[in-house]
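Engineer: Each residue of the sequence shown is one higher than the last, beginning at 2 in our numbering.
The beta carbon of each residue, even a glycine, is placed where N, CA and C say it ideally should be.
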Amino acid sequence: MLRAVEKGRTFVGRLQKGDDLLIALGEICSKEKIVLGEVRAIGALSKARISYYNQKQRSYETIEFPEATELVALVGNISLKEGAPFIHAHVTLADEEGRAFGGHLVNGCEVFACEFVIQELISAMTFERGMDEDTWLALWRRE
Ligand code: ZN
């Protein structure tokens with residue numbers, strides 16, 4: 002699937018220390034009724050949790066970072082899942098020696114500081130996630 006889309010509103014802001022990274026960004030999308038868009042962020046996390054999709058087992062494996070990390074990059078998109086705004090984001094984290102780790106963002110990342118940009122996108126077509134038989138992932142429906 003492929004669609005040309007238009008740019009909508011652009012939001013720039015920061016999260017509060019102690020926020021859950023994914024939940025806080027999701028709340029902004031819900032509040033502003035952003036149903037399609039992209040999200041980018043940088044900052045630092047007090048602790049982190051990401052996941053890795055095991056393609057053979059078709060299940061997510063959780064990776065915990067109990068120590069402070071740099072949020073080197075968060076890149077993601079916003080679309081609809083079960084009718085509500087849903088963020089799919091990946092993050093790169095770095096430890097005190099600059100070693101980078103990355104994965105799929107899940108709940109459980111505690112914000113130390115976070116600056117973000119959310120770009121709303123406008124499309125006549127609804128981007129709604131549904132179960133994809135080939136991957137067992139909730140992907141955008143083919144049209
Ligand atoms: Zn992912």
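#1: Is it true that the CB of ILE43 sits closer than 9 Å to the CB of CYS110?
#2: From this set, LYS18, HIS91, GLU98, THR63, which residue's C-alpha is nearest GLU39's C-alpha?
#3: Taking a contact to mean a Cβ-Cβ separation below 9 Å, would you say SER47 touches GLY27 in this structure?
#4: Around the C-beta of LEU37, are 16 or more other C-beta atoms found within 10 angstroms, so that it is buried, or is it exposed?
#5: Would you give the residue range spanned by the beta strand (DSSP E) that ALA101 belongs to?
#6: Measure from the alpha carbon of GLU83 to the alpha carbon of each residue in MET2, PHE66, ARG15, SER31, then state which is nearest.
#7: Quick one: what does DSSP say LYS32 is sitting in, helix, strand or coil?
#8: Taking all protein chains shown into account, do 16 or more other C-beta atoms lie within 10 angstroms of the C-beta of SER80, making it buried, or fewer, making it exposed?
#9: Does the Cβ of LEU106 have 16 or more other Cβ atoms within 10 Å, making it buried, or fewer, making it exposed?
#10: State buried or exposed for GLY104, treating a residue as buried only when at least 16 other CB atoms are found within 10 Å of its CB.
#11: Going by C-alpha to C-alpha distance, which of ILE64, GLY99, ARG59 sits closest to GLU71?
#12: Please return the same chain residues whose Cβ sits closer than 8 Å to the Cβ of ALA139, not counting the five positions on each side in sequence.
Structural biologist: With the structure as the only source:
#1: For the purposes of this step, residue 110 is taken as residue 109 along the sequence shown, with counting starting at 1. For the purposes of this step, residue 43 is taken as residue 42 along the sequence shown, with counting starting at 1. No; because the gap between Cβ atoms is not below 9 Å, this pair is not in contact.
#2: For this step, residue 39 is matched to residue 38 along the sequence shown. Among LYS18, HIS91, GLU98, THR63, the Cα nearest to that of GLU39 belongs to HIS91.
#3: The residue labelled residue 47 in the question sits at position 46 within the sequence shown. The residue labelled residue 27 in the question sits at position 26 within the sequence shown. No, the Cβ-Cβ distance between SER47 and GLY27 is not below 9 Å.
#4: Looking up residue 37 in the sequence shown gives position 36. So LEU37 counts as buried.
#5: The count along the sequence shown starts at 1 and reaches residue 101 at position 100. 101-106 is the span of the beta strand (DSSP E), which, as asked, contains ALA101.
#6: Translated into positions along the sequence shown, residue 83 becomes position 82. Among MET2, PHE66, ARG15, SER31, the Cα nearest to that of GLU83 belongs to SER31.
#7: As a working mapping, residue 32 is identified with position 31 in the sequence shown. Three-state result, LYS32: helix.
#8: Locating residue 80 in the sequence shown gives position 79, counting from the first residue. So SER80 counts as buried.
#9: Position 105 of the sequence shown holds residue 106. So LEU106 counts as buried.
#10: Within the sequence shown, the letter at position 103 stands for residue 104. So GLY104 counts as buried.
#11: Walking along the sequence shown from the start, residue 71 turns up at place 70. Closest option to GLU71, Cα to Cα, is GLY99.
#12: The residue you call residue 139 lines up with position 138 of the sequence shown. The residues are LYS82, ARG130, GLY131, MET132, ASP133.
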